Amino acid sequence: MLTTMLHVAQSCAFNPDTASTVKGCAPTVNQGDNAWILASSALVLFMTPGLAFFYAGMVRRKNVLGMIMQNWVVMGLVGVVWVLVTYSLAFGPDWGGHGFVGTLHFAGLMHIDQQAVPGESLTISPIVFVVFQMMFAVITPALITGTTADRMKFGAYCVFIVLWSIFVYAPIAHWVFSPGGWLFQRTAEDFAGGTVVHINAAMGGLGVLLVIKNRKGWPGTPMKPHNLPFTVLGAGILWFGWFGFNAGSALAANNLSAHAFVNTNTATAAALLGWIIVEKLKNGKSTTLGGASGAVAGLVAITPSCGFVNLLGALVIGFLAGGICCLACGLKFKFNRDDALDVLGVHFVGGVLGAVLIGFFGTNSFNSVARDGLFYGGGAGLLGEQCLGVVCVAGFSLAVSYILAQIVDKTMGLRMSEEDEEIGMDLSQHDEEGYDFDSVLSGVRSTLTGGQPISPFAKPTAGATPGEA
Amino acid sequence: MLTTMLHVAQSCAFNPDTASTVKGCAPTVNQGDNAWILASSALVLFMTPGLAFFYAGMVRRKNVLGMIMQNWVVMGLVGVVWVLVTYSLAFGPDWGGHGFVGTLHFAGLMHIDQQAVPGESLTISPIVFVVFQMMFAVITPALITGTTADRMKFGAYCVFIVLWSIFVYAPIAHWVFSPGGWLFQRTAEDFAGGTVVHINAAMGGLGVLLVIKNRKGWPGTPMKPHNLPFTVLGAGILWFGWFGFNAGSALAANNLSAHAFVNTNTATAAALLGWIIVEKLKNGKSTTLGGASGAVAGLVAITPSCGFVNLLGALVIGFLAGGICCLACGLKFKFNRDDALDVLGVHFVGGVLGAVLIGFFGTNSFNSVARDGLFYGGGAGLLGEQCLGVVCVAGFSLAVSYILAQIVDKTMGLRMSEEDEEIGMDLSQHDEEGYDFDSVLSGVRSTLTGGQPISPFAKPTAGATPGEA
Amino acid sequence: MLTTMLHVAQSCAFNPDTASTVKGCAPTVNQGDNAWILASSALVLFMTPGLAFFYAGMVRRKNVLGMIMQNWVVMGLVGVVWVLVTYSLAFGPDWGGHGFVGTLHFAGLMHIDQQAVPGESLTISPIVFVVFQMMFAVITPALITGTTADRMKFGAYCVFIVLWSIFVYAPIAHWVFSPGGWLFQRTAEDFAGGTVVHINAAMGGLGVLLVIKNRKGWPGTPMKPHNLPFTVLGAGILWFGWFGFNAGSALAANNLSAHAFVNTNTATAAALLGWIIVEKLKNGKSTTLGGASGAVAGLVAITPSCGFVNLLGALVIGFLAGGICCLACGLKFKFNRDDALDVLGVHFVGGVLGAVLIGFFGTNSFNSVARDGLFYGGGAGLLGEQCLGVVCVAGFSLAVSYILAQIVDKTMGLRMSEEDEEIGMDLSQHDEEGYDFDSVLSGVRSTLTGGQPISPFAKPTAGATPGEA
Amino acid sequence: MRLVTAIIKPFKLDDVKAALQEHGITGLTVSEVQGFGRQKGHTEVYRGAEYTIEFTPKIRVEVVVDDDDAAGIVDVIAKVARTDKIGDGKIWTTYVDDVVRIRTGERGVEAL
Amino acid sequence: MRLVTAIIKPFKLDDVKAALQEHGITGLTVSEVQGFGRQKGHTEVYRGAEYTIEFTPKIRVEVVVDDDDAAGIVDVIAKVARTDKIGDGKIWTTYVDDVVRIRTGERGVEAL
Amino acid sequence: MRLVTAIIKPFKLDDVKAALQEHGITGLTVSEVQGFGRQKGHTEVYRGAEYTIEFTPKIRVEVVVDDDDAAGIVDVIAKVARTDKIGDGKIWTTYVDDVVRIRTGERGVEAL
Ligand SMILES: Nc1ncnc2c1ncn2[C@@H]1O[C@H](COP(=O)(O)OP(=O)(O)O)[C@@H](O)[C@H]1O
Ligand SMILES: Nc1ncnc2c1ncn2[C@@H]1O[C@H](COP(=O)(O)OP(=O)(O)O)[C@@H](O)[C@H]1O
Ligand SMILES: Nc1ncnc2c1ncn2[C@@H]1O[C@H](COP(=O)(O)OP(=O)(O)O)[C@@H](O)[C@H]1O
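Residue numbers (my numbering), protein chains in the order written: chain E, 1 to 469; chain B, 1001 to 1469; chain L, 2001 to 2469; chain F, 3001 to 3112; chain D, 4001 to 4112; chain W, 5001 to 5112.
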């Protein structure tokens, strides 16, 4: 993203006064680039249901729907908040020139024609940029649910997500992705969101975790995954969609997208192997959950770096991410912090690895706006910027997330009651059950009680004659 | 779709005599547009398996495969019928100039080079248009199964679907989508098929429902969803694929596709929230099934309007669709009509909302061939056209569907026997069971009886020595 | 693929000396083509998880994860091996001019700028070609698991797959797909991999089967599919992804891709119908598994032919493939060879049908580099080439696969112990269980024993206070 | 006291439960079982491989009752669960020494 | 010998098992059942259609013990499984003629 | 009459059923249970968290038979279900007062 946006920044894009209208620039929209970024946007959207399954398979049966719903509803909440407010906060003209947050100039997508004008190098429609970026804003808060699984009240969770999108996601996206952002201007490199998405989400989760504490009974009570095929299905969808995430971040269908694509796949493959090899060495057997987790760790780690490293870099970053994240997942027991589905172990550790290793493996051999890292003669400057970026994003996200969680907890209560937690999210939060497999008991042990209370104009159906129309 | 087709109509496209060949026009095929519509076609194809899971999760376990199969087989039936006959009926040169149905000029895709020639504005290959439209023709009859779930005989169902494609879908697609169609020429607006797909399918379902009546025991017998994660999986696939459906209907990868894309996502997000808010207010809790249903309601409602309204319009249409469809689902109990999976409540109500609200929210601010609606100073003219379109499509579809269902019922019998219904579709229609989870009993309670009767050249395998090769 | 590669071969592509650099040729990269092939690559990648579900649904519950993992890990293994070695073996400059295998010139993607240079007709980035081809190399060995299901040791399986990729896949891909390959030069036609992928994988499976023999208890012990919805989900993903596989093999978003697309869908639809009609006639009922299998059979058969036949050809090939593969699945009982999930019946028979029928139905009416088959006045020449291709690929693959399987078996042991097979792959190979649905027993019958042995820096957590943070 | 065990057709559970409640029974325990008997199973076909499922799903209902009630309860179940078709199931009774209600520690008839 | 059958709340299984082991029991058999009694079930809502689930999931524990141990075992279970909330379940004992350990063919108390 | 209850290894069900049929038994009822005993369970590992599953899946076979047949039936099952490995299971018999065939209302041995 950095690559192309840089040029845009240097031309006219973020100065509403000089910007020409879409119509005027229309000929420079390249339909091929548009086609790829539209497809990429759809791919990234699909990642959120994918994540829902990745997570839902790992929780106990009684929480399957609660987990799915927490991910699903983010598509609704952020989908609306983004076009109304947060897009503008993230990508609007910088507010006051501090590089901290954007103004509300593009709120409700007003004046959007003035932004992301096809300039010297940005060849996609402005709205395509809006929707592509939206999908990142959607999946990021959804990642938080992996840490906080099984114990948040649904309503309070929704409120938290909206606040978090506004007060955490939008500023950080501005810092890193927007040409006016202060990290962007220091040329900290983050191709597709290692800091903005992964480190940010993991710290968001940690912030909430410090408020809501561990699950009841953890770690003593066994909390086995209830449906690992779902977890692998989710991981498969994530891998698939991540090509849009990473290769789409070139904002064009050019050679750079191709490099990002091959790096993404290579690192993911290497991380998959890295994770299961470590498992094999430590436990004697490699696991399917490990294979799925390793792939995700690789995808996370290559996210910031896919446009800045070469194939060797991708291989090393991926392999290290797989192996190290595998080991890192055990740490939560040591710290006695119930990061339920290992968001810290995978997204924080993987995200940091990916961001920091750019400082070593970065090379501008195929990406002219990229800088060389330590191993390619660029000195430690890039490494310093990368570390600065990681620390600032992590620190800001953790602090503000913790404060937001405290506010919501004090006002509405973030955590479910012990009894609700025991019953499970599905029944306690949604009055639903995930599965009804008891082929025999189904339909006999339950009774349809009363009518359709949901309809204001429908009378109770007690009088309806069954089976007759 | 309307947008681009209009120009095509004005040039040469549907006059076989003057049409140039593909080769001649080839340079004007834009590969970027082709790329997006090819991708969109794949996305829309994927919606049908998605729909299968959306529905299959909602029925009882004993009907899971029957439901999946009814959706799956449509891809086979319509996939063949479309290229042989119905494409031509829908998009062929108008027959007799009444705007009612096309001729068989393109049957078997003959002379297809003459159609959809890259003219002034249509920049995709003719065959790309054929396959993109095919996917709409596939999913539309599949929607019917939501109303008629759990009680149709498989063979008779297949016959009905073929007839329906020919006698209902093809003419209505001609009316609305083909430049020669009478509704098209009155400039009734339907960007991606609110009338052709959703209202049409819902009325098709109602037509069948009036013939086959309610499920045995409905509404007294509980008929709980057996696998809600599958339903959400299906909804996720639908949301993903719908970007192809709606943004692909611009038939190019241009600014209009971008607008359709952002409107689609915005309305869907708003509808998701609208549905679960209404649930929360009425029942005290919002549900996962509601979240999934709300998204689908939003997707339905924005389908006709995504290329004609601005962001505000999309927000309002989506939110209303979510809330109102949620309430509408209760109506079936009042009317004592077993619309099993609420196709009327979601697709009819949502489709009507989306089509009619164009009359209010329509604006030509970003789509030059669009008309302004009531709220944008365009007067009531557009609203009138929209209502006319809705009424005519609904009336025609209901009437002809009812007649076709009667014919099939009188000749082959459409409805399963009571006993088969009790046993479930999986065993009674297909001799299969969806799941075999009884880890322990599996493989002991069943016996492999006899050989492989399916093979004409294979002898019974009774004599085969187990476990030896 | 053949079409476009041919021209490339004739220009400069495979001569490293004369090749211009990417930068020099960059203007001739068409972003629309790039967009479609990037999207296609993502689609084809998605097929492998799809295949995992297609297969995993058909095995018994106790093997669900083992089956998924065997497919999943291929994405890791081949993902790494491909960029390091096998891409170069397959598509590198021919080694010694025999057309047998490529050199290591492109190993590690070095010198990749010299290859697949946008020449006269190849308009995508070289790396895009690499990743698109990678996805084929990934899914092909994964297909083998269908034959060998439920009985291979995980570690030995991984070793076998790596060897097979190098010694079987790479040479055959070179023969058929690389302009330097001997079959390519004889103009044997294989548009998207009927020989390279399907016949090759099926023979690979047979090679292993001859070594590891039948599953314990087969055919006497019942081995019912445990989750047919997963199988259909997988088939749906396969159908969706196959558009990338086939229409992407045009390596552009042009009219040829459109033809390949419509042929793919048409043949698949016809095969779906062909299979269930044969079932209906033989067994009295058609099945969901049949519908899914028929679609896959059609996809297999149209793979080699989609760019060389017209609509009629696609219809006939599809319908025949559906019907004949359905009958062929019974043959394994006659031969007493436990091809567990019918890879021979579907991929070998379907692949051969598709490849050979090009000899009859091939036509150059829309693909200028294609040859006419028997039915279009081209004589028997093409048929001869097709048969030669089939026989050579099948023979080489079977022989080398058998030898590799023997080597691995003699050194590491390929087959699980009887006891492990009885326990199932999930527990015996991975210490995991697919599902934990016993809502009640879950969490009570198991105990979290001891700490997190995986982490070297974490102490056992025995002392952690449950439920407190 | 007596333990009445009934193996019945699943779809009869609702009626049986209602009838027992009417008869004054306040508690019972139900489980899913697979029955083998005169009733035939069914056939499933997967890619031409035919499986015969010889067991049919049944429900086991268990009620502990006072000795005097046992015969009446058996009659009620026998009447309500009957469809006159093969596979309607069996009822048997066994002698129970002692019953405890865990919540209160009550014993014997009090515990029911 | 006696067969002790206990219907308990699922989350109590672990404690009951541990207590029985401490009491010297070396084997038991457990199954999932659905209980109906004073304890109310719960409600589920799907698109506005409300279902009442009247059965609650329970665990059935079965232990065959020597006659002399029966009373003690019943007491142990009754104590450990108790939560004082409705639905804690029941325990009953029945008389067992004969027991065989399949592996060895041992009979009676030896077989336990 | 007697109720013969056998806890066996799942994969033995087929043989047991066949042997009982040969012995003249026309009906039986089977259910899935979890056994705890001398036989060890297994271990599962998820992201390094290790779970021990102490229960092993078993099948419970129940047959009501005439008093005279009981001993023979027990012997048949004991013989066929035996693998000589730990965990083969148990068989026990209890006394049954009364049996009813629901379909016909027949009682006692007639009802079997
Ligand atoms: N001897 C038996 N012991 C235990 N259960 C039996 C016995 N005979 C039959 N059953 C149970 O009763 C059910 C119905 O028996 P079946 O012979 O099919 O029909 P019917 O009772 O109408 O003659 C069987 O499915 C089985 O569960
Ligand atoms: N008469 C009975 N026969 C068999 N099981 C019973 C009987 N009464 C109750 N149960 C079982 O005991 C469980 C608890 O009973 P319930 O009446 O809910 O609470 P409590 O035992 O605390 O009074 C029920 O769910 C049911 O499984
Ligand atoms: N006292 C008992 N009461 C009820 N069931 C028992 C008892 N002891 C063992 N079982 C059952 O028998 C099964 C086998 O017992 P186990 O001790 O593992 O092996 P074995 O019978 O070979 O000594 C157990 O899994 C359990 O289901």
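Backbone N, C-alpha and C define an ideal beta-carbon position, used for all residues, glycine too. Being a predicted model, the structure only gives us computed values, none of them experimental.
Rounded Cβ spacing between residue i and residue j (contact assumed at less than 8 angstroms)
i: Thr123(E); j: Asn30(E); result: 4 angstroms
i: Gly1057(B); j: Thr1288(B); result: In fact, because the Cβ distance is near 11 angstroms, the residues do not count as touching under 8 angstroms.
i: Phe1191(B); j: Ser1249(B); result: 6 angstroms
i: Val2316(L); j: Phe2348(L); result: Actually they are not in contact, since the Cβ atoms of Val2316(L) and Phe2348(L) sit about 20 angstroms apart, beyond 8 angstroms.
i: Pro1141(B); j: Gly1204(B); result: 7 angstroms
i: Val408(E); j: Ala156(E); result: 5 angstroms
Which listed residue (the options) has its alpha carbon closest to that of residue i
i: Val1080(B); options: Gly1050(B), Gly1108(B), Leu1065(B); result: Gly1108(B)
i: Phe375(E); options: Leu357(E), Ser368(E), Val168(E); result: Leu357(E)
i: Phe333(E); options: Arg5002(W), Glu5050(W), Asp5066(W), Met5001(W); result: Glu5050(W)
i: Met1075(B); options: Trp2095(L), Ser2040(L), Ala2269(L); result: Ala2269(L)
i: Leu2238(L); options: Thr2048(L), Arg2215(L), Ile2302(L), Ile2037(L); result: Thr2048(L)
i: Phe240(E); options: Pro229(E), Lys224(E), Asn265(E); result: Asn265(E)
i: Glu2422(L); options: Lys2216(L), His2098(L), Met2134(L), Leu2038(L); result: Lys2216(L)
i: Ser417(E); options: Ile212(E), Gly381(E), Phe129(E), Thr195(E); result: Ile212(E)
i: Ala2052(L); options: Phe129(E), Ala202(E), Leu228(E), Gly313(E); result: Leu228(E)
i: His1174(B); options: Gly1350(B), Gly1097(B), Ser1257(B), Val1101(B); result: Val1101(B)
i: Gly1351(B); options: Ser1365(B), Gly1379(B), Val1391(B), Gly1413(B); result: Val1391(B)
Outcome for residue i when other beta-carbon atoms lying within 10 angstroms are tallied against a minimum of 16
i: Pro118(E); result: With a pLDDT of only 38 at Pro118(E), under 50, the local geometry of the prediction cannot be trusted, and the value read off the model is given with reservation. Pro118(E) comes out buried.
i: Phe46(E); result: buried
i: Lys5110(W); result: The identity of residue 5110(W) in the sequence shown is Glu, whereas the question assumes Lys. Classification for Glu5110(W): exposed.
i: Glu2385(L); result: buried
i: Ala2116(L); result: At Ala2116(L), the pLDDT of 49 sits below 50, so the modelled position is not reliable; the number obtained from the coordinates is stated separately. Flag for Ala2116(L) reads buried.
i: Thr1028(B); result: exposed
i: Asp150(E); result: buried
i: Glu2279(L); result: buried
i: Ala1399(B); result: exposed
Chain G contact residues for residue i, given Cβ-Cβ distances below 7 angstroms
i: Gln2031(L); result: Chain labels in this structure do not include chain G; the protein chains are E, B, L, F, D and W.
Any non-hydrogen atom of ligand 4 within 7 angstroms of residue i CB
i: Val5061(W); result: With respect to ligand 4, the structure shown offers nothing to examine, as its ligands consist of ligand 1, ligand 2 and ligand 3.
Looking at chain B, which residues of the segment 3039–3068 of chain F have a Cβ within less than 9 angstroms of any of its Cβ atoms? Gly3041, His3042, Thr3043, Glu3044, Val3045, Tyr3046, Arg3047, Gly3048, Ala3049, Glu3050, Tyr3051, Thr3052, Ile3053, Glu3054, Phe3055
Taking only runs that begin and end inside the segment 2077–2163 of chain L, name each unbroken alpha helix (DSSP H) of 4 or more residues, in chain order. 2087–2091, 2126–2148
Name, going along the chain, the residues of the segment 1280–1298 of chain B whose beta-carbon falls closer than 8 angstroms to a beta-carbon of chain D. Lys1282, Asn1283, Lys1285, Thr1287, Leu1289, Gly1290, Ser1293
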